[in-house]
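Using my numbering, read the sequence shown as starting at 2 and increasing by one per residue. Just below is one structure, and these are the notes that go with it.
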Amino acid sequence: MFFKESTIAIKDVLFGENVTVIQPVNLYGCSIGSNTFIGPFVEIQKQVSIGEYCRIQSHSFICELVTIGNHCFIGHGVMFVNDLFANGGPASADTSLWKATTIGNHVSIGSNATILPVSICDNVVIGAGAVVTKSITKAGIYAGNPAKFLRLI
2 MFFKESTIAI KDVLFGENVT VIQPVNLYGC SIGSNTFIGP FVEIQKQVSI GEYCRIQSHS
62 FICELVTIGN HCFIGHGVMF VNDLFANGGP ASADTSLWKA TTIGNHVSIG SNATILPVSI
122 CDNVVIGAGA VVTKSITKAG IYAGNPAKFL RLI
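What follows is the structure, encoded as structure tokens:
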């Protein structure tokens, strides 16, 4: 059997001022705005942009093509998805099939939520464990699988 040694790295990251990163993390080819906190066991891939005054909690995965606005909270274990398996399996060989995700400002995403390639407007709360399958264009609180509008904030 062959086991590849695990690599923990911060590589080619554009950091704003006063960013806090708690290791171990994998951060590469991304940008992280000023006064943002990145917890341990987080992976942020290339072509990701995270705004200012954000908090990314432990064990979250932010895949390529995700943009997160300012003053956002990403709870523990939140997973972002950019591949919808449009051809019945992973599109790892054809990254042109990957889709982007945009998160507005003042968005809070609860622990263990899954965010598919969507747009989420400003001033939204996503409940813990929610699965966001469609874009959200109205501010408010959303929860469930699939995530549904519950009420205004």
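Just so it is clear, CB atoms sit at the ideal spot from N, CA and C, and this is done for glycine as well. In this text the structure is predicted, and so the values were computed from the model without any measurement.
### Query
Do you know how far the Cα of Asn113 is from the Cα of His77?
Walking along the sequence shown from the start, residue 77 turns up at place 76. Walking along the sequence shown from the start, residue 113 turns up at place 112. Taken atom to atom, the span from the alpha-carbon of His77 to that of Asn113 is near 6 angstroms.
### Query
Mapping DSSP to helix, strand and coil, what is Ser59?
For the purposes of this step, residue 59 is taken as residue 58 along the sequence shown, with counting starting at 1. The answer is coil: DSSP assigns Ser59 none of H, G, I, E or B.
### Message
Give me, in chain order, the residues of the same chain whose beta-carbon lies closer than 6 angstroms to that of Ser136; leave out the 5 immediate sequence neighbours on both sides.
### Response
The residue given as residue 136 occupies position 135 in the sequence shown. Closer than 6 angstroms at Cβ, skipping near neighbours: Val119 and Ser120.
### Task
Would you list, in sequence order, the uninterrupted beta strand (DSSP E) runs of no fewer than 3 residues that lie entirely inside the stretch 52-134?
67-69, 102-104, 108-110 and 125-127
### For Gly141: DSSP bridge partner residues
As a first step, residue 141 is located in the sequence shown; it is residue number 140 there, counting from the start. DSSP, once it has assigned bridges, lists Val125 as partnering Gly141.
### Cβ contact check for the stretch 43-59 and the stretch 72-90: 3 or more pairs under 8 angstroms
Touching, per the Cβ criterion.
#### Entry: 6 angstroms Cβ shell around Thr103 - same chain, five flanking residues per side excluded
Reading the sequence shown from its first residue, position 102 is the one you call residue 103. The answer, listed in chain order, is Thr68 and Ser120.
### Residue from Asn124, Lys100 and Asn106 whose Cα sits closest to the Cα of Thr134
Looking up residue 134 in the sequence shown gives position 133. Taking Thr134 as reference, the option from Asn124, Lys100 and Asn106 with the minimal CA-CA separation is Lys100.
### Message
Only counting the same chain, and skipping five residues up and downstream in sequence, which positions put a Cβ closer than 6 angstroms to that of Gln48?
### Response
By 1-based counting over the sequence shown, the position of residue 48 is 47. Closer than 6 angstroms at the Cβ level, and outside the excluded window around Gln48, lie Glu65 and Leu66.
### Residue from Ile127, Cys122 and Ala129 whose Cα sits closest to the Cα of Lys139
Residue 139 sits at position 138 when you count from the first residue of the sequence shown. Closest option to Lys139, Cα to Cα, is Cys122.
### Task
Would you tell me roughly how many angstroms separate the C-alpha atoms of Ile142 and Ala129, rounded to the nearest one?
As a first step, residue 142 is located in the sequence shown; it is residue number 141 there, counting from the start. As a first step, residue 129 is located in the sequence shown; it is residue number 128 there, counting from the start. Whole-angstrom Cα-Cα distance: 11 angstroms.
### Query
How many angstroms separate the CA atom of Asn88 from the CA atom of Gly34?
Mapped onto the sequence shown, residue 88 falls at position 87. Mapped onto the sequence shown, residue 34 falls at position 33. Each residue's Cα considered, the two are about 35 angstroms apart.
### Task
Taking only the alpha-carbon atoms, compute the straight-line gap between Leu151 and Val22 and give it to the nearest angstrom.
Stepping through the sequence shown from its first residue, residue 151 is reached at position 150. Stepping through the sequence shown from its first residue, residue 22 is reached at position 21. When rounded, the distance between both Cα atoms is 34 angstroms.
### Task
Enumerate in chain order the residues of its own chain whose CB-to-CB distance from Phe4 is below 8 angstroms, with the five nearest sequence positions on each side excluded.
The residue you call residue 4 lines up with position 3 of the sequence shown. Only weak support exists for where Phe4 lies, its pLDDT of 40 falling under 50; the value from the coordinates is given anyway. Closer than 8 angstroms at Cβ, skipping near neighbours: no residue.
### Distance between Asn36 and Glu18 (C-alpha atoms, nearest Å)
Your numbering for residue 18 matches position 17 in the sequence shown. Your numbering for residue 36 matches position 35 in the sequence shown. Glu18 and Asn36: Cα-Cα distance of roughly 6 angstroms.
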